[in-house]
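Some notes on the structure that comes next.
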Amino acid sequence: MSTQVPESVEEESTTETASAGKQKRDAKKRERAERVQEQREAEAAEKARSADDTFHLKVFRYDPEVPEKQEPRFDDFHVPYKQGMTVLDALMWARDHYDSSLTFRHSCRQAICGSDALFVNGSQRLGCKTQLSDLSEPIRVEPLPHADVVKDLVVDMEHFYDQMESVEPYFQTNSLPDGELDEQRQTRENREKVKMSTRCIWCSACMSSCNIAAGDNEYLGPAAINKAYRFAMDEREGEDMKQRRLEILEQEHGVWRCQTQFSCTEVCPKDIPLTEHIQELKREAIKNNLKFW
Amino acid sequence: MYEHDVIVVGAGGAGLRAAIAAHEEGADVAIVSKLHPVRSHTGAAEGGINAALREGDSWEDHAYDTMKGSDYLADAPAAETLCKDSPKETIKLEHWGMAFSRDDDGRVSQRPFGGLSFPRTTYAGAETGHQLLHTMYEQLVKRGIKVYDEWHVTRLAVSDEEKPEDRNCHGIVAYDVQTGQVEGFRARNGVILATGGLGQVYDHTTNAVANTGDGVAMAYRAGAPMEDMEFIQFHPTTLPSTGVLITEGVRGEGGILYNEDGERFMFEYGYANNLGELASRDVVSRAELTEVNEGRGIEDEYVHLDMRHLGEERIIDRLENIVHLSEDFEGVNPLEAPMPVKPGQHYAMGGIETDENGETCISGLYAAGECACASVHGGNRLGGNALPELIVFGKRAGHHAAGKDMEEAEITTGKVGDYELGEVDSPVELGEAGIGEDAVADGGTAADAGASASGADLVQRAVEDERETIDTLLEREDGIQQAEIRERVQKSMTRNVNVFREESALKDALRDIREARELYQDVFVGDKSRTFNTDLLQTLETRNILDIAEAITLGALARNEFRGAHWRKEYQERRDEEWLKHTMLSWNDGRPELWYKPVILEGENKTYEPKIRSY
Numbered sequence: 547m548s549t550q551v552p553e554s555v556e557e558e559s560t561t562e563t564a565s566a567g568k569q570k571r572d573a574k575k576r577e578r579a580e581r582v583q584e585q586r587e588a589e590a591a592e593k594a595r596s597a598d599d600t601f602h603l604k605v606f607r608y609d610p611e612v613p614e615k616q617e618p619r620f621d622d623f624h625v626p627y628k629q630g631m632t633v634l635d636a637l638m639w640a641r642d643h644y645d646s647s648l649t650f651r652h653s654c655r656q657a658i659c660g661s662d663a664l665f666v667n668g669s670q671r672l673g674c675k676t677q678l679s680d681l682s683e684p685i686r687v688e689p690l691p692h693a694d695v696v697k698d699l700v701v702d703m704e705h706f707y708d709q710m711e712s713v714e715p716y717f718q719t720n721s722l723p724d725g726e727l728d729e730q731r732q733t734r735e736n737r738e739k740v741k742m743s744t745r746c747i748w749c750s751a752c753m754s755s756c757n758i759a760a761g762d763n764e765y766l767g768p769a770a771i772n773k774a775y776r777f778a779m780d781e782r783e784g785e786d787m788k789q790r791r792l793e794i795l796e797q798e799h800g801v802w803r804c805q806t807q808f809s810c811t812e813v814c815p816k817d818i819p820l821t822e823h824i825q826e827l828k829r830e831a832i833k834n835n836l837k838f839w
Numbered sequence: 050m051y052e053h054d055v056i057v058v059g060a061g062g063a064g065l066r067a068a069i070a071a072h073e074e075g076a077d078v079a080i081v082s083k084l085h086p087v088r089s090h091t092g093a094a095e096g097g098i099n100a101a102l103r104e105g106d107s108w109e110d111h112a113y114d115t116m117k118g119s120d121y122l123a124d125a126p127a128a129e130t131l132c133k134d135s136p137k138e139t140i141k142l143e144h145w146g147m148a149f150s151r152d153d154d155g156r157v158s159q160r161p162f163g164g165l166s167f168p169r170t171t172y173a174g175a176e177t178g179h180q181l182l183h184t185m186y187e188q189l190v191k192r193g194i195k196v197y198d199e200w201h202v203t204r205l206a207v208s209d210e211e212k213p214e215d216r217n218c219h220g221i222v223a224y225d226v227q228t229g230q231v232e233g234f235r236a237r238n239g240v241i242l243a244t245g246g247l248g249q250v251y252d253h254t255t256n257a258v259a260n261t262g263d264g265v266a267m268a269y270r271a272g273a274p275m276e277d278m279e280f281i282q283f284h285p286t287t288l289p290s291t292g293v294l295i296t297e298g299v300r301g302e303g304g305i306l307y308n309e310d311g312e313r314f315m316f317e318y319g320y321a322n323n324l325g326e327l328a329s330r331d332v333v334s335r336a337e338l339t340e341v342n343e344g345r346g347i348e349d350e351y352v353h354l355d356m357r358h359l360g361e362e363r364i365i366d367r368l369e370n371i372v373h374l375s376e377d378f379e380g381v382n383p384l385e386a387p388m389p390v391k392p393g394q395h396y397a398m399g400g401i402e403t404d405e406n407g408e409t410c411i412s413g414l415y416a417a418g419e420c421a422c423a424s425v426h427g428g429n430r431l432g433g434n435a436l437p438e439l440i441v442f443g444k445r446a447g448h449h450a451a452g453k454d455m456e457e458a459e460i461t462t463g464k465v466g467d468y469e470l471g472e473v474d475s476p477v478e479l480g481e482a483g484i485g486e487d488a489v490a491d492g493g494t495a496a497d498a499g500a501s502a503s504g505a506d507l508v509q510r511a512v513e514d515e516r517e518t519i520d521t522l523l524e525r526e527d528g529i530q531q532a533e534i535r536e537r538v539q540k541s542m543t544r545n546v547n548v549f550r551e552e553s554a555l556k557d558a559l560r561d562i563r564e565a566r567e568l569y570q571d572v573f574v575g576d577k578s579r580t581f582n583t584d585l586l587q588t589l590e591t592r593n594i595l596d597i598a599e600a601i602t603l604g605a606l607a608r609n610e611f612r613g614a615h616w617r618k619e620y621q622e623r624r625d626e627e628w629l630k631h632t633m634l635s636w637n638d639g640r641p642e643l644w645y646k647p648v649i650l651e652g653e654n655k656t657y658e659p660k661i662r663s664y
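Protein chains in written order, with our numbering: chain Z, 547 to 839; chain S, 50 to 664.
Structure representation (structure tokens):
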């Protein structure tokens, strides 16, 4: 069970104007609501006790505003297991049954919104895509390393977004067809070439895993470089634009910072070959005879 | 107080397109969204974008398919607008660099989809929504459009004239999730709601956790009617433990459904003797649940979808994503074992009543995308028609709100012209529990600001109301928490207002919702922190779930027929003589008021005469 902010139950003061009848009704309703709530908590505890199988999670907790949580700590949660249960399912269960203040980002539950990258048993993973049964207990769930913690498992994403947006992350071309119904042609091979790079869901697992990014705050990082790769390799943009993109990428904190440790590639939940993309851009830059740092 | 010309609420496909369109027209536009744009659920769309792009196809054929698919409950001017605008909007995405799949000649690929007379579903692998969302966000970044992300919009600032048709929307109130601040956003020209789906009304849905129908509920409480809320699409192949969607493409490629006894029930029990697994979504969903109800389900819950016979090579080539989804979310490798599947809530055909320019009956208030009902989908949405709706109507709403001259809409909004009042036999009181006694989490009109109040005053007043509501929720030390209330409603909706609907169960649902409303009066937020308080956020969302659950159930109880996705045990036929009309629900002094308006079947060049919907 979680050790939460101690509850201080105080009598609610009722307004002087409220009629005695209303007070009585309100009190009755309140009683019912409390009864339902207590029953729920008892049932949750019973479920956890009687389940054939429970999983033990140790979850990082921190809240700058709550005195008991200003000093980071780990809370223990024992969650009843169901086939197919993921780390995200377990966190949601713990929040809904034990401690409603347990805080984490999540939305789609299917590895496409990129909200729930976490540090689970020492590596960056999406909570929704990680089966409990694949992990050893107790399962340590922490916020992504190398980012400021806002609260519990929520980290500040601003720096990541800034890097993503610094590489002109939008399609640019000077050769659009005239007609509003005319398509630009693209070969199947070229579409295939950029396909993996377009799968990025901006979860920032790669950035969090990267030692270089940890030491150099200005380093573009694997995700932003991959975003630039997606456009640089797209034949529809044309050669001039590619040149421009390579110039952005080989700035001081660009591709040449990468030391090919493959940590980003290892943690990417969409299996994007990030390190390879970075290496390819380095080769392109050399081919284009650009000066590099 | 923040101030912009146009404020867009929500940052999925419709919201992003609306913001770009308003910006194109020179408006100062901002997006306010409870998620960062790339987290929006548009990203989960798999199938594609229907657009008549090729020789041999025409917008007229697309419109015919859409009207027929809707079971004649779509309004022809809206459906025709969708089909006419979709080709150039789809190509616009290509010009913005979207990574569509390509044919050998380098043009964008199209494929066949259910209910279409031409293979016009334009796609990017099985991840069309993801590609669309990111392409559009790139365009937003390019234009430097301001986004207030992780700001949850809680209410609209709308004037309080008696008739909604006389009201004006002046802005919104939003809660900054990161800091807990409540702030007003004044919109000089208009507010566009693009808040997406409402699947969280059910406990088993393909929708994201964020899809709580916020925009629909907010607009409803401000006076804009909800339309055709009973029409909910249930997708037949979702994973039992999470509701994750397994695309129709699996059956399209030859996947087979089996019951516990290993029978291919679609044929063996005569559910669809011609099309079998490829019958329309509602038919397959009902067949699966019948198998389970009659004791032939697996673990009394689901059936099996088997694609092993397709061979690994073909599966990896065309359905790779499905292998990952099944392994990651169900722990089943579909190359080695059949996938467990059951029907899950997927899409809301109904929503905020709008015309084909996205405008509601309240001046300055617009809606686009899944939260809106123009109506394009009527009683049933065709696969591949949701994404074009986002870009076509998102753009129109953005242009209109920014002041662009547009053709006058043919669809009327609000209680004008030919409408009739309806009645429904509810076993319990409806609407707000204990009106006036408790203002907690009420939303909508900022009353009492006075007739002479300016737009800014109205917004300020709404901000103060919201601050009071939130303070009250945070100050309470005990009571009941939202998780319990939400779970009760979700379970009841799945049990009683699902694929099969019958009177007694619908009434049970209304009772459960009533009880939940009463419990909600004593809701309290356990987390007292102002920093990233998702407990508070969910508590505010749960209020929206209550209003929407009630609307869906009421509409379902009132509609005594079987049309599109709406099946009634007692009424097994479509009844055109009585029911060629939209179910409308207005929030009238805290209670839902039911009324109807006729469907428009007259198109530009033809009238869509109702026919039997068979494929």
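All C-beta atoms in this analysis are idealised placements derived from N, C-alpha and C, irrespective of residue type, glycine included. Here the structure is a predicted model, which means the values were calculated and not measured.
Residue nearest to GLY504 of chain S within the set S:GLU187, S:VAL207, S:ALA605 and S:VAL58 is S:VAL207 (criterion: CA-CA distance). A Cβ of chain S is located within less than 8 Å of the beta carbon of ASP642 of chain Z.
Using a Cβ distance threshold of 8 Å, GLU279 of chain S and THR632 of chain S count as a contacting pair. Nearest CB-CB separation between PHE717 of chain Z and chain S: below the 8 Å threshold. Between ILE401 of chain S and ALA268 of chain S, the C-beta spacing is below 8 Å. In this structure, DSSP gives LYS593 of chain Z a helical state, which the three-state scheme calls helix. Taking 8 Å as the cut-off, the Cβ atoms of GLY264 of chain S and GLY59 of chain S count as close. Check the Cα spacing between TYR307 of chain S and each of S:LEU338, S:VAL372, S:HIS219 and S:SER475: the tightest is with S:LEU338.
Taking the Cα of ILE758 of chain Z as reference, the smallest distance to any Cα among Z:ASP698, Z:ASP662, Z:TRP802 and Z:ARG651 is reached at Z:TRP802.
The beta strand (DSSP E) runs lying completely inside the segment 630-707 of chain Z and spanning 3 residues or more are 663-666, 669-672, 685-688 and 695-697, given in chain order. Segment contact: the segment 330-346 of chain S against the segment 539-554 of chain S, three or more CB-CB distances shorter than 8 Å; contact assigned.
THR821 of chain Z is outside the set of residues whose beta carbon lies under 8 Å from a beta carbon in chain S. Among the residues of chain Z, those whose CB is under 9 Å from the CB of TRP145 of chain S are TYR716 and PHE717, following chain order. Sequence-distant partners of GLU138 of chain S (beyond 5 residues in either direction) whose C-beta falls short of 6 Å from its own C-beta, in its chain, are ILE440 and VAL441. Taking 4 residues as the minimum length, the alpha helix (DSSP H) runs contained wholly in the segment 168-213 of chain S are 177-192, in order along the chain. Each of S:VAL508, S:GLU326 and S:LEU568 was checked against the Cα of VAL222 of chain S, and the nearest Cα belongs to S:VAL508. Scanning S:ILE295, S:THR171, S:LEU131 and S:PRO274 for the CA closest to the CA of HIS284 of chain S turns up S:ILE295. Residue pairing of PRO647 of chain S in beta bridges, as defined by DSSP: S:LYS630.
Cα atoms of GLY193 of chain S and ARG88 of chain S: separation of roughly 19 Å, rounded to the nearest angstrom. The residue among S:THR602, S:GLU626 and S:LYS630 with its C-alpha nearest the C-alpha of ARG617 of chain S is S:THR602.
Between THR287 of chain S and LYS391 of chain S, the CB-CB gap stays under 8 Å. Remark: C-beta atoms of ALA127 of chain S and ALA607 of chain S do not approach each other more closely than 8 Å.
A straight-line Cα-Cα distance of about 10 Å links GLN394 of chain S and MET542 of chain S.
By the Cβ neighbour-count rule, SER475 of chain S is buried, with 16 or more other Cβ atoms within 10 Å of its own.
The Cβ atoms of SER679 of chain Z and GLY380 of chain S lie closer than 8 Å to each other. Judged by their CB atoms, LEU122 of chain S and GLY427 of chain S are nearer to each other than the 8 Å cut-off. Inclusion of GLU361 of chain S and LEU384 of chain S in the CB contact set at 8 Å is warranted, their separation being smaller than that value. Selection Z:PHE717, Z:GLN805, Z:GLU735 and Z:GLU812 evaluated against ARG790 of chain Z yields Z:PHE717 as nearest (Cα-Cα).
Within 9 Å of the CB of LYS788 of chain Z, no CB atom of chain S is found; the nearest one sits about 14 Å away.
When only Cα atoms are considered, LEU690 of chain Z and GLY272 of chain S end up about 44 Å apart. Per DSSP, the beta bridge partners of CYS422 of chain S are S:GLU402.
Closest in alpha carbon position to ILE649 of chain S, among S:ASP349, S:GLY407, S:LYS630 and S:ARG544, is S:LYS630. If only complete runs of 4 or more residues are kept, the segment 575-631 of chain S shows the alpha helix (DSSP H) at 583-607 and 625-628, in order along the chain.
Between the segment 345-362 of chain S and the segment 633-646 of chain S there are fewer than three inter-stretch CB-CB distances shorter than 8 Å, so the stretches are not counted as touching. For PRO383 of chain S, no beta strand (DSSP E) encloses it, and the DSSP letter there is neither H nor E. With contact defined as three or more Cβ pairs closer than 8 Å, the segment 562-577 of chain S and the segment 629-643 of chain Z are not in contact.
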